[in-house]
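In terms of our numbering, the sequence shown is residues 193 to 599.
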Amino acid sequence: MINTTISLNRGTYKQPNIFGYYGNYGGAYIPEMLHRNVEELKERYLEIMYEPAFQKEFRDLLRDYVGRPTPLFYAKRLSEKHNTNIYLKREDLNHTGAHKINNAIGQVLLAQRLGKKRIIAETGAGQHGVATATVCALMGLECIVYMGVKDIERQAPNVARMKMLGATVRPAASGSQTLKDATNEAIRDWINNPNDTHYVIGSVVGPHPYPDMVARFQSIISEETRKQLLEHTGSELPTHVIACVGGGSNAAGAFYHFLDELTVKLIAVEAAGHGVHSGMSAATTQLGRPGVLHGSKSLVMQTEDGQVVEPHSISAGLDYPGIGPMHAHLFETGRGTFLSATDDEALQAAFELCRLEGIIPALESAHALAALNQLRFKRTDTLVVCLSGRGDKDLATYMKNIEAPNP
Numbered sequence: 193m194i195n196t197t198i199s200l201n202r203g204t205y206k207q208p209n210i211f212g213y214y215g216n217y218g219g220a221y222i223p224e225m226l227h228r229n230v231e232e233l234k235e236r237y238l239e240i241m242y243e244p245a246f247q248k249e250f251r252d253l254l255r256d257y258v259g260r261p262t263p264l265f266y267a268k269r270l271s272e273k274h275n276t277n278i279y280l281k282r283e284d285l286n287h288t289g290a291h292k293i294n295n296a297i298g299q300v301l302l303a304q305r306l307g308k309k310r311i312i313a314e315t316g317a318g319q320h321g322v323a324t325a326t327v328c329a330l331m332g333l334e335c336i337v338y339m340g341v342k343d344i345e346r347q348a349p350n351v352a353r354m355k356m357l358g359a360t361v362r363p364a365a366s367g368s369q370t371l372k373d374a375t376n377e378a379i380r381d382w383i384n385n386p387n388d389t390h391y392v393i394g395s396v397v398g399p400h401p402y403p404d405m406v407a408r409f410q411s412i413i414s415e416e417t418r419k420q421l422l423e424h425t426g427s428e429l430p431t432h433v434i435a436c437v438g439g440g441s442n443a444a445g446a447f448y449h450f451l452d453e454l455t456v457k458l459i460a461v462e463a464a465g466h467g468v469h470s471g472m473s474a475a476t477t478q479l480g481r482p483g484v485l486h487g488s489k490s491l492v493m494q495t496e497d498g499q500v501v502e503p504h505s506i507s508a509g510l511d512y513p514g515i516g517p518m519h520a521h522l523f524e525t526g527r528g529t530f531l532s533a534t535d536d537e538a539l540q541a542a543f544e545l546c547r548l549e550g551i552i553p554a555l556e557s558a559h560a561l562a563a564l565n566q567l568r569f570k571r572t573d574t575l576v577v578c579l580s581g582r583g584d585k586d587l588a589t590y591m592k593n594i595e596a597p598n599p
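Next comes the structure, spelled out in structure tokens:
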């Protein structure tokens, strides 16, 4: 059973304190209209999540509907190239093609137990939108997904999937027309419909208890990884766990059951876009400073007067100007190492995986793979890379760059 205790002081790496803070980051900064909804979640989420009946339904769906456990694959040719031992946690093989389905199932089951009939969500790359639409179709619930106009254009296959699943896709046309703006629109909807609506936030962002709740649902990733590593290597512990980070849900899930294992290096890779200091980036830990975004205090890319800076990434799922408060705490304390990869570096890493292992990754996951070219590893190291999603949604972008050099 996962530990459900919460520290009353500064929280832990795994869980926030009673006020929702991981160290200096977290909390719930919300308008009065949402106070009742957020308080209800805060008071009941742990009780509901760990009811035996809830856990059985959740775990059964993960096994029989999603297809878990996902494989832990030893990437032999990739390992040979980098002269180390690389395992890929294959979240791309989940139903709907990414890790997002883990959280979507958990939150929709929770919403049902809270008596909510209407589900809203935000999405960038579209994978969270597809996952939420999928679960709503399964459960017979109304689903509305907010998505930036720019992301609707570059993630057309996922938009089509959401519509086929019966969801309403509402475009966000303000600002950069990406994930940040979709989140803004979803929050406005929730403010206007607080009684019957549950907002399924897709990452470890938002007001407490969302960061903790999403991390717990995604922790199935590292729970499985430990068992699978023991079978593969005779040890539950790798030397490194590597994951991409936008808001950071796949990283939170991949790191979760290793957070207190201080021998395990946690490597988070953000999107540097055209370059960290190019003005076209989403490398929050390098460019951000403390601020409040979408209901919690974290590191935020912002101007001197507090205006949010528009992010950029070739990957829609990393195109976000903030980071989850858990990750801000990992960065500030040094427990996590935060790197960044440019658009070009991510593309190169994606083509490397395609041509060495026959796996087409999502552009988000390709940023994690890019860390392999930035760090030096020992031959005896054991690396786990979270392959958070599959790349079919990104084929149009890949086709524009198909002449990338062979690895």
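For each residue, glycine too, the CB sits at the ideal point set by N, CA and C.
None of these values were measured; they are calculated from a predicted model.
Asked	Found
Cβ neighbour criterion (16 or more within 10 Å) applied to F211	exposed
Beta carbon of G445 nearer than 8 angstroms to that of H274	no
Simplified DSSP state of V322, which is helix, strand or coil	helix
Rounded Cβ spacing between R454 and K206 (contact assumed at less than 8 angstroms)	Checking the sequence shown, residue 454 turns out to be Leu, not Arg. Their Cβ separation, rounded to whole angstroms, is 13 angstroms, which puts L454 and K206 out of contact at 8 angstroms.
Spatial distance of R310 from K234 (CA atoms)	19 angstroms
Per-residue DSSP class, three states only, for V327	helix
Proximity below 8 angstroms, CB of V397 to CB of S488	yes
Through-space distance from D536 to R568, alpha-carbon basis	20 angstroms
Three-state class that DSSP yields for L531 in the structure shown	strand
Residues of its chain near P349, where Cβ-Cβ distance is below 6 angstroms and the 5 sequence neighbours each way are ignored	K585
Candidates K308, E416, V484 and H559, of which the one nearest D511 by Cα	H559
Simplified DSSP assignment, three categories, for Q304	helix
Those residues which DSSP pairs with Q494 across a bridge	V500
Top-ranked residue by Cα proximity to S368, from A520, A508, A542 and I552	A508
Short Cβ contact (8 angstroms threshold) for D284 with H432	no
Nearest-angstrom Cα separation, counted from L421 out to G340	39 angstroms
First through last residue of the alpha helix (DSSP H) which encompasses H274	K268 to H274
One or two residues paired with T431 in a DSSP bridge	Bridge partners of T431: none, in fact.
Beta-carbon spacing of G440, G526 below 8 angstroms	no
8 angstroms Cβ cutoff met for A303 and H390	yes
H504 vs H466 beta-carbon contact at 8 angstroms	yes
Opposing strand residues paired with F265 [DSSP bridges]	L280
Extent of the continuous beta strand (DSSP E) to which R481 belongs	R481 to L485
N-terminal and C-terminal residue of the beta strand (DSSP E) that Q312 is part of	Reading the sequence as shown, one finds Ile at residue 312 and not Gln. Note, I312: beta strand (DSSP E), R310 to T315.
Where A464 falls, given that 16 or more other Cβ within 10 Å makes a residue buried	buried
Enclosing alpha helix (DSSP H) for K457 [first to last residue]	Premise fails: K457 lies in the beta strand (DSSP E), K457 to G465, not in any alpha helix (DSSP H).
Inter-residue CB distance, T375 and H227 (contact presumed, cutoff 8 angstroms)	In fact, because the Cβ distance is near 19 angstroms, the residues do not count as touching under 8 angstroms.
Identified DSSP bridge partners for V392	A313
Selection from E272, V300 and M356 that minimises the alpha carbon distance to E544	E272
Cβ neighbour criterion (16 or more within 10 Å) applied to R346	buried
Per DSSP, the bridge partner or partners of N218	For clarity, residue 218 is Gly in the given sequence; the question names Asn instead. G218 is bridged to Y213 and K489.
Assumed close pair A541, A317 - CB separation to whole angstroms, cut-off 8 angstroms	Contact flag wrong, Cβ pair sits at about 17 angstroms.
Selection from I594, A323, P208 and V461 that minimises the alpha carbon distance to R547	I594
Residue range of the alpha helix (DSSP H) that includes L522	P517 to T525
C-beta atoms of L238 and N294 nearer than 8 angstroms	no
Residue environment, K308, which counts as buried when at least 16 other CB atoms sit within 10 Å	buried
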